[in-house]
Structure formats: structure tokens, C-alpha cells
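Numbering (the working numbering), first residue to last: 1 to 112.
Quick notes on the structure that follows.
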């Protein structure tokens with residue numbers, strides 16, 4: 001998308017480039033400010049009884065610094081193992097917690 005925008009920008013006359021830039025700055029000023037992402041996991045305790053979906057939501061909140069797309073395949077696979085194969089929720093949640101912790105450690109190692 002950014003390449004397409006750059007091509008459009010380059011094809012415009014200078015006056016329209018200025019207008020496009022002003023409009024982009026206007027849109028940026030209206031956008032919500034992005035909050036700083038914590039560098040450490042948040043302390044959200046695991047409830048005694050929890051569904052797999054609730055655990056995924058809790059872990060996403062606990063580890064906001066971990067990119068969701070790096071978790072998608074594995075979390076989906078674990079969810080399917082629970083729903084389709086009948087694996088116990090506690091067992092799946094244990095694996096989910098280990099997965100999120102691994103991804104967090106990868107995040108830490110990349111950002112040292």
C-alpha cells in the first residue's frame with residue numbers, strides 16, 4: 001500500500017502533492033494516539049476455571065507486545081484440538097501459556 005501511495009504521490013503535480021501531504025497530516029492529527037506497549041507481561045492471574053477462548057483473550061492482554069500474527073496458526077491449531085478432538089481445556093491452556101511465553105522471549109531477544 002505504501003508503494004502505491006508513493007507512486008500516486010510521485011505522479012501528481014507539486015501543488016497536488018502539497019494538498020495530499022496536508023490531507024495526510026490532517027488524518028494523522030485525527031487518529032487516536034497509540035499508547036506505549038509494555039515491555040513486560042502484565043500480571044493478569046489465571047482463573048481456576050477458564051475456557052480456552054477466555055484464556056486466549058487473557059493471554060493477549062497479558063502479552064500486548066507479542067504480535068498476534070505470530071500466534072495465529074498455533075493458537076488456532078490448539079483451539080481446534082480442544083474443540084474437534086476433545087483435548088482438555090486445562091491442557092490446551094497450559095500449552096497456550098507456554099506458547100505466549102516463548103513468543104515473549106523471542107520478542108525480548110529481538111529487542112535487546
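Glycine included, every Cβ here is placed at the ideal spot set by N, Cα and C.
Evaluate residue i with the Cβ neighbour count: other Cβ atoms within 10 Å of its Cβ, from every protein chain shown; 16 or more gives buried, anything less gives exposed.
i          : result
residue 44 : exposed
residue 30 : exposed
residue 24 : exposed
residue 27 : exposed
residue 19 : exposed
residue 93 : buried
residue 10 : exposed
residue 59 : buried
residue 6  : exposed
Taking the Cβ atom as the reference point for each residue, do residue i and residue j lie within a distance shorter than 7 Å?
i          : j          : result
residue 89 : residue 52 : yes
residue 95 : residue 78 : yes
Taking the alpha-carbon of residue i as reference, which of the options has the nearest alpha-carbon?
i          : options         : result
residue 47 : 15, 39, 57      : 57
residue 62 : 32, 13, 37      : 37
residue 50 : 104, 107, 91, 1 : 91
Would the stretch 54 to 68 count as touching the stretch 92 to 102 if we require 3 or more Cβ pairs under 8 Å? The stretch 54 to 68, when compared against the stretch 92 to 102, does touch it at the 8 Å Cβ threshold.
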